[in-house]
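**Student:**
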Ligand SMILES: Cc1ncc(COP(=O)(O)O)c(C=O)c1O
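Numbering (this note's numbering), first residue to last: 2 to 404.
(1) State yes or no: is the C-beta of residue 79 nearer than 6 Å to some heavy atom of ligand 1?
(2) Nearest CA to the CA of residue 108: which residue from 141, 85 and 340?
(3) Compute the Euclidean distance between the alpha carbons of residue 271 and residue 33, then round it to the nearest angstrom.
(4) Should residue 50 be listed as close to ligand 1, given that the test is whether its C-beta is under 6 Å from any heavy atom?
(5) Should the segment 279-291 be regarded as contacting the segment 253-262, the criterion being three or more beta carbon pairs within less than 8 Å?
(6) Starting from residue 68, follow the beta strand (DSSP E) in both directions and report where the run begins and ends.
(7) With 16 as the cutoff for other CB atoms within 10 Å, does residue 172 come out buried or exposed?
(8) Work out the CA separation of residue 373 and residue 360 for me, nearest whole Å.
(9) Using DSSP bridges, identify the partner residues of residue 42.
(10) Do residue 158 and residue 11 have their CB atoms nearer than 7 Å?
(11) Grouping DSSP H, G and I as helix and E and B as strand, with all else coil, what is residue 287?
(12) Let me confirm a value: residue 348 is counted as buried when at least 16 other C-beta atoms fall within 10 Å, else exposed. Which label applies?
(13) Could you check whether residue 78 and residue 460 sit closer than 7 Å to each other, using their CB atoms as the reference points?
(14) Rounded C-beta distance between residue 186 and residue 156? I'm assuming under 8 Å.
(15) How would you write the range of the alpha helix (DSSP H) that residue 216 sits in, first residue to last?
(16) Our contact map puts residue 286 next to residue 324 with C-beta atoms below 8 Å; I'd like the distance itself, whole angstroms only.
(17) Compute every distance between the C-beta of residue 242 and the non-hydrogen atoms of ligand 1, then say whether any falls below 6 Å.
(18) Can you name the start and end residues of the alpha helix (DSSP H) that residue 111 belongs to?
(19) If contacts are defined as beta-carbon pairs under 8 Å, then residue 3 and residue 305 qualify, I think. What distance do you get, rounded to the angstrom?
(20) Helix, strand or coil: which one does DSSP assign to residue 354?
(21) So residue 154 is in the alpha helix (DSSP H); what residue range does that whole segment cover?
(22) In three-state DSSP terms, what is residue 82?
(23) Can you tell me the Cα-Cα spacing of residue 55 and residue 394, whole angstroms?
(24) With a CB to CB cut of under 8 Å and the five nearest residues on each side skipped, what residues in its chain are close to residue 101?
(25) Examine the Cβ distances between the segment 177-185 and the segment 243-250 and report whether three or more of them are shorter than 8 Å.
(26) In whole angstroms, what is the alpha-carbon distance linking residue 370 and residue 376?
(27) Quick check: the Cα distance between residue 14 and residue 88, rounded to an integer number of angstroms?
(28) Taking the straight line between their C-alpha atoms, what separation do you get for residue 92 and residue 112?
(29) So, is residue 80 buried or exposed, given that buried needs 16 or more other C-beta atoms within 10 angstroms?
(30) Is residue 282 near ligand 1, judged by its Cβ being under 6 Å from some heavy atom?
(31) Tell me which residue opens and which closes the alpha helix (DSSP H) that residue 36 is part of.
(32) Taking buried to mean at least 16 other C-beta atoms within 10 Å of its own C-beta, is residue 224 buried or exposed?
(33) Quick check on DSSP: helix, strand or coil for residue 392?
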């Protein structure tokens with residue numbers, strides 16, 4: 002079990018390498034939620050996530066001989082970059098094993114921070130097995146991504162910064178993958194003020210902790226499925242699970258659509274680019290996944306911003322659809338001059354903006370005297386979508402909502 006003193010020690014070690022990231026009141030997120038929201042912008046950490054904190058604390062603890070032999074880890078995500086830069090900043094050689102199909106952008110970012118990247122295996126488990134072989138063959142130290150007291154203590158330095166910058170905090174909301182981050186943060190904030198509530202958030206498709214808490218012991222999921230790749234973990238750590246059981250007040254889950262809405266809300270309202278794993282705390286607030294009081298002082302820990310641009314494109318589209326800002330619908334018209342104009346007139350009257358339109362007379366699903374029209378529309382929210390569909394139906398159009 003780690004204690005507050007371990008996190009305080011870690012702070013001294015981490016200070017020269019990791020940034021003290023900003024924590025700022027958000028008018029718009031507070032407005033949206035009814036609480037007093039102060040996001041912790043850990044997305045501005047070096048390497049784009051908190052992982053450098055734990056990795057630095059772990060690597061700094063190595064003996065001179067161990068430092069000389071170097072470190073190894075397996076990761077295709079934020080931990081890879083955290084270990085690479087932490088090692089380079091402390092003059093230690095590092096090897097990071099990634100699955101062969103890992104995105105090139107991630108491999109080259111990790112290399113740019115100074116690690117030797119080895120591509121091996123079909124998935125994370127095979128990469129990890131290779132990393133343990135390298136550990137034995139080259140006498141390197143394996144840096145675990147979460148289930149290590151020094152890693153947890155390093156991540157916990159975020160908790161110290163939160164309480165320093167906002168002593169009146171009521172609730173801290175933290176994502177959970179393997180559990181290292183929340184273990185450290187809960188130890189720090191509860192160690193200073195046991196009244197601060199700590200809420201953990203997982204993706205519905207990777208809810209290993211929720212299931213483990215129910216069973217009373219660590220449970221391994223058969224598979225995971227979520228857009229929040231940073232927390233797509235099948236199994237919480239044994240050590241982290243003990244800390245979570247003791248110090249975390251509540252663990253909730255959020256769905257992928259809720260995560261997508263949180264990412265787009267953070268982009269639009271806070272100008273913050275946050276990856277899925279980093280956005281789950283805000284998703285939990287916005288979706289009401291846990292109860293909070295009006296004006297409760299809440300800190301969602303936005304812990305990473307490394308999102309793949311293709312994923313961002315998908316998420317933005319899905320986020321717009323979920324929040325009623327983008328609508329694709331299909332209807333049929335009589336195939337005669339002026340009928341498209343009539344339809345468009347109704348849409349214009351409702352002040353929806355046409356993004357794309359497809360006018361198809363060849364569809365087999367309609368009569369020979371009809372035309373099928375598919376419209377992509379920019380809309381202003383769910384109420385606007387409902388009003389637009391009502392108006393179309395009132396004018397005799399049968400509407401199929403496609404997305
Ligand atoms: C952005 C981000 N948030 C949260 C987490 C969860 O951290 P942990 O695995 O320590 O629970 C991760 C893990 O990689 C992450 O990358």
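Beta carbons are placed, not taken as given, at the ideal position from N, Cα and C, and that holds for glycine.
**Tutor:** Quick look at the numbers:
(1) The sequence position of residue 79 within the chain shown is 78, counting from 1. Because some heavy atom of ligand 1 lies under 6 Å away, the Cβ of residue 79 counts as near it: yes.
(2) As a position in the chain shown, residue 108 is number 107, starting the count at 1. That would be 85, whose Cα lies nearest to the Cα of residue 108.
(3) Stepping through the chain shown from its first residue, residue 271 is reached at position 270. Stepping through the chain shown from its first residue, residue 33 is reached at position 32. In a straight line, the C-alpha of residue 271 is about 12 Å away from that of residue 33.
(4) Translated into positions along the chain shown, residue 50 becomes position 49. Yes, since a heavy atom of ligand 1 falls inside the 6 Å radius drawn around the Cβ of residue 50.
(5) yes
(6) Here residue 68 corresponds to residue number 67 of the chain shown, with the count starting at 1. From DSSP, residue 68 is part of no beta strand (DSSP E) but of the alpha helix (DSSP H) over 65-70.
(7) Your numbering for residue 172 matches position 171 in the chain shown. Answer is buried; the Cβ neighbour count reaches 16.
(8) Position 359 of the chain shown, counted from the start, is the residue given in the question as residue 360. Position 372 of the chain shown, counted from the start, is the residue given in the question as residue 373. The alpha-carbon atoms of residue 360 and residue 373 are separated by roughly 6 Å.
(9) Stepping through the chain shown from its first residue, residue 42 is reached at position 41. Paired residues: 303.
(10) Here residue 158 refers to the residue found at position 157 when the chain shown is read from its first residue. Here residue 11 refers to the residue found at position 10 when the chain shown is read from its first residue. Contact flag set, yes.
(11) Counting from 1 along the chain shown, the entry for residue 287 is found at position 286. Helix.
(12) One-based indexing of the chain shown puts residue 348 at position 347. Buried, since its Cβ has 16 or more Cβ neighbours within 10 Å.
(13) Residue 460 cannot be examined here, being either before or after the span of the chain that is shown, 2 to 404.
(14) Indexing the chain shown from 1 puts residue 186 at position 185. Indexing the chain shown from 1 puts residue 156 at position 155. Going by Cβ atoms, the distance from residue 186 to residue 156 rounds to 7 Å, so yes, they are a contact pair.
(15) Residue 216 sits at position 215 when you count from the first residue of the chain shown. From DSSP, the alpha helix (DSSP H) with residue 216 extends over 209-216.
(16) On the chain shown, position 285 is the one that residue 286 refers to. On the chain shown, position 323 is the one that residue 324 refers to. About 15 Å separates the two Cβ atoms, so there is no contact after all.
(17) As a position in the chain shown, residue 242 is number 241, starting the count at 1. No - ligand 1 has no heavy atom lying nearer than 6 Å to the Cβ of residue 242.
(18) The residue labelled residue 111 in the question sits at position 110 within the chain shown. It spans 105-113 - the alpha helix (DSSP H) in which residue 111 sits, taken as one unbroken run.
(19) Mapped onto the chain shown, residue 3 falls at position 2. Mapped onto the chain shown, residue 305 falls at position 304. Contact flag wrong, Cβ pair sits at about 22 Å.
(20) Working through the chain shown from its first residue, we reach residue 354 at position 353. Strand at residue 354.
(21) Counting from one through the chain shown, the residue named residue 154 turns up at place 153. Element bounds for residue 154: 150-166.
(22) Locating residue 82 in the chain shown gives position 81, where the first residue counts as 1. Helix, per DSSP.
(23) Here residue 55 corresponds to residue number 54 of the chain shown, with the count starting at 1. Here residue 394 corresponds to residue number 393 of the chain shown, with the count starting at 1. In a straight line, the C-alpha of residue 55 is about 57 Å away from that of residue 394.
(24) The residue given as residue 101 occupies position 100 in the chain shown. Excluding sequence neighbours, residue 101 sits near 120, 121, 122 and 123.
(25) yes
(26) Sequence index remark: in the chain shown, residue 370 carries index 369 (1-based). Sequence index remark: in the chain shown, residue 376 carries index 375 (1-based). Their backbone Cα atoms lie some 20 Å apart in a straight line.
(27) As a position in the chain shown, residue 14 is number 13, starting the count at 1. As a position in the chain shown, residue 88 is number 87, starting the count at 1. Using only the alpha carbons, I get a separation of about 13 Å.
(28) Locating residue 92 in the chain shown gives position 91, where the first residue counts as 1. Locating residue 112 in the chain shown gives position 111, where the first residue counts as 1. For residue 92 and residue 112, the distance between alpha carbons rounds to 15 Å.
(29) Numbered from 1 along the chain shown, position 79 holds the residue referred to as residue 80. Flag for residue 80 reads buried.
(30) Indexing the chain shown from 1 puts residue 282 at position 281. Every heavy atom of ligand 1 is 6 Å or more from the Cβ of residue 282, so no.
(31) Residue mapping note: residue 36 aligns to position 35 of the chain shown, counting from 1. No alpha helix (DSSP H) holds residue 36; DSSP gives it neither H nor E.
(32) Residue 224 sits at position 223 when you count from the first residue of the chain shown. Result: exposed.
(33) Along the chain shown, one-based indexing puts residue 392 at 391. Reduced to three states, the DSSP call for residue 392 is helix.
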